[in-house]
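Chains as they are written, first to last, in the numbering used here: chain U, 1 to 298; chain H, 299 to 596.
Even glycine gets a Cβ: it sits at the ideal position worked out from N, Cα and C.
Before any comments, here is the structure.
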């Protein structure tokens, strides 16, 4: 695969294994499409599929999966802890290799147009594909959820970007867009005081004055009797992992607290970690092209 | 490519571009073989080619390249600064992905047998493929070089592993074997005193009491007015980059000297750097399978 895009579609079915398999089948046995991971969450009643591929092949497979989900999932019967607005809740495209963000945006719009026409599904473009700043944030788009969407999309400011201004009766609406790879990164502290983790989270996250591409909150790790700064790194190429790690370390010191370790949840692009190694080893004149695997994948 | 081996053959021609290109052509336009790098050194009069591939395809291409080198290079006319004993001086195979060291050893022996039969070339197996411990070290095998080899291989302890106990008239002999990936890693110090770099090199290298998989020496960086501990990491999976970096740092302190940075020369496997990132970030429960590119290559 010369050009690689990633797609991480979220479907509102986390309990019925047979349905999850049928949707996931759209990504199996396809040329230039590789299923990396999929998992259903019973409490959330939601599945997340991680797949990479050549843009055109990936596009066809994603459209097929959306079609199957619309056929199999009835949102009027859906209950789960996670907020959701459609059978296919959200479909982000992520540039991985020899692909730009502009290409990911273009791909998301092509998919949006096709699924709106083929399935009569209203589509909101979000994140980098959004048609207006107030539509960038997924939470803002999804507010009201499936049950409130019938009314919401009749409002002038919430006219869908593609498709009818009318909910699909069983599949609701979908958000499709392009974004940077997300790294779920948690830093663990040797204290059981939740307010320490919450204070540090506030200091590092963008919304309250911290780093531009950091979302963070404090979380209790009950079994470990420790707390965690739970972080979403929304653009590791501009806010680096090591920078956040070192910042949490020096902020923790004022409470007499130490960082005991950190963890990466799920997948992480090679570059996010190699960038941190390059910082700590003080690598001079280093280029990602020196990484054997980067060269093999070229 | 499901299974990937690397091969880094060294040829005794670094000046005649046409000949270098003809040899390198053996690795171009072949299915499941990917030429990563090649370069000729005029002073050394030697070329190094870095290539990866599926074992069987790589084997065929390497044999073809050896044949071309034997045809094009006349060792009776060869002069250069680097020690050498044949037109094809040394051919290491390195397991990269879904391949074991045992498989690399087996592959090296298949190539050794075939080139000895096809071209009448005497072959010494070296490193992990060696038939006796005293033949593991390439420098020991190569001692005497091309000019001394005619006599050396008549000695009972230097009978070749494959082929006749008689030098090829124009191509000499070759060493073929299997080894771990080598990482050329240099650490720079903020002093111009060569003896400081030499002292530290002595402390970290295996031969004088240091780490098992480290070769090191002190080098002057005249232009920078600094010195460097120049290192070959011969198995980064067992002696890690960060461990050597931190050791050089604390050894430098006794001279009031600081590490200013480090550098990787040429290619480095992803895992060598990710392992260092995992150390510095204190990553808990991390697996290389969480790296997106590792999953894509699977």
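Rounding to the nearest angstrom, what Cα-Cα distance links residue i and residue j in this structure?
i, j, result
"residue 262 of chain U", "residue 248 of chain U", "11 Å"
"residue 230 of chain U", "residue 344 of chain H", "53 Å"
"residue 83 of chain U", "residue 142 of chain U", "8 Å"
"residue 129 of chain U", "residue 275 of chain U", "27 Å"
"residue 59 of chain U", "residue 379 of chain H", "56 Å"
"residue 583 of chain H", "residue 251 of chain U", "24 Å"
"residue 220 of chain U", "residue 253 of chain U", "19 Å"
"residue 543 of chain H", "residue 500 of chain H", "14 Å"
"residue 187 of chain U", "residue 406 of chain H", "46 Å"
"residue 474 of chain H", "residue 431 of chain H", "15 Å"
"residue 457 of chain H", "residue 465 of chain H", "11 Å"
"residue 360 of chain H", "residue 302 of chain H", "14 Å"
"residue 315 of chain H", "residue 566 of chain H", "27 Å"
"residue 390 of chain H", "residue 73 of chain U", "56 Å"
"residue 320 of chain H", "residue 365 of chain H", "11 Å"
"residue 27 of chain U", "residue 51 of chain U", "7 Å"
"residue 424 of chain H", "residue 34 of chain U", "39 Å"
"residue 399 of chain H", "residue 215 of chain U", "44 Å"
"residue 283 of chain U", "residue 556 of chain H", "15 Å"
"residue 337 of chain H", "residue 562 of chain H", "17 Å"
"residue 403 of chain H", "residue 415 of chain H", "19 Å"
"residue 86 of chain U", "residue 96 of chain U", "27 Å"
"residue 340 of chain H", "residue 421 of chain H", "26 Å"
"residue 288 of chain U", "residue 270 of chain U", "9 Å"
Could you spell out where the alpha helix (DSSP H) holding residue i opens and where it closes?
i, result
"residue 411 of chain H", "399 to 417"
"residue 540 of chain H", "539 to 551"
"residue 316 of chain H", "315 to 322"
"residue 592 of chain H", "590 to 595"
"residue 175 of chain U", "Not the alpha helix (DSSP H): residue 175 of chain U falls in the beta strand (DSSP E), residues 174 to 178."
"residue 438 of chain H", "436 to 440"
Under the three-state reduction of DSSP, which class applies to residue i: helix, strand or coil?
i, result
"residue 504 of chain H", "helix"
"residue 336 of chain H", "strand"
"residue 453 of chain H", "coil"
"residue 496 of chain H", "helix"
"residue 276 of chain U", "helix"
"residue 193 of chain U", "coil"
"residue 513 of chain H", "strand"
"residue 1 of chain U", "coil"
"residue 354 of chain H", "helix"
"residue 425 of chain H", "strand"
"residue 365 of chain H", "helix"
"residue 565 of chain H", "coil"
"residue 325 of chain H", "helix"
"residue 306 of chain H", "coil"
"residue 485 of chain H", "strand"
"residue 284 of chain U", "coil"
"residue 220 of chain U", "strand"
Which residues mark the beginning and the end of the beta strand (DSSP E) in which residue i is found?
i, result
"residue 95 of chain U", "88 to 97"
"residue 50 of chain U", "46 to 53"
"residue 463 of chain H", "Taken as a continuous stretch (DSSP letters only), residue 463 of chain H belongs to no beta strand (DSSP E), as it is neither H nor E."
"residue 555 of chain H", "Taken as a continuous stretch (DSSP letters only), residue 555 of chain H belongs to no beta strand (DSSP E), as it is neither H nor E."
"residue 525 of chain H", "524 to 531"
In chain H, what lies closer than 8 Å to residue i by C-beta?
i, result
"residue 286 of chain U", "561, 562"
"residue 250 of chain U", "The contacting residues do not exist; residue 250 of chain U stays about 15 Å from chain H at best."
"residue 231 of chain U", "Within chain H, no residue comes near residue 231 of chain U; the closest Cβ sits about 12 Å away, beyond 8 Å."
"residue 4 of chain U", "594"
By the criterion of Cβ-Cβ separation under 7 Å, what are the contact partners of residue i in chain H?
i, result
"residue 21 of chain U", "Per Cβ cutoff of 7 Å: no residues; residue 21 of chain U is ~20 Å from chain H at best."
"residue 73 of chain U", "The premise fails here: residue 73 of chain U is roughly 27 Å from chain H at the closest Cβ pair, so nothing lies under 7 Å."
For residue i, go through chain U and note every residue whose CB falls closer than 8 Å to its CB, in chain order.
i, result
"residue 567 of chain H", "291, 292, 293"
"residue 595 of chain H", "293, 296, 297"
"residue 498 of chain H", "Those do not exist, as residue 498 of chain H stays about 16 Å from chain U at its closest Cβ, beyond 8 Å."
For residue i, return the contacting residues in chain U, with the cut-off set at a CB-CB distance below 9 Å.
i, result
"residue 368 of chain H", "Per Cβ cutoff of 9 Å: no residues; residue 368 of chain H is ~28 Å from chain U at best."
"residue 578 of chain H", "242, 245, 276, 277, 279, 280, 281"
"residue 557 of chain H", "282"
"residue 350 of chain H", "292, 295, 296"
"residue 453 of chain H", "Near residue 453 of chain H there are no residues of chain U at all, since even the closest Cβ is about 39 Å away, more than 9 Å."
"residue 394 of chain H", "292, 293, 296"
By the criterion of Cβ-Cβ separation under 9 Å, what are the contact partners of residue i in chain C?
i, result
"residue 332 of chain H", "Annotation note: the requested chain C is absent from the structure, which comprises protein chains U and H."
Please list the partners that residue i has in chain H, where partner means a Cβ-to-Cβ separation under 9 Å.
i, result
"residue 125 of chain U", "Under the 9 Å cutoff, chain H gives no residues; its nearest Cβ is about 25 Å from residue 125 of chain U."
With hydrogens ignored, establish whether the beta-carbon of residue i is closer than 6 Å to any heavy atom of the ligand MN.
i, result
"residue 521 of chain H", "With respect to small molecules bound, the structure shown includes none, and the ligand MN cannot be examined in it."
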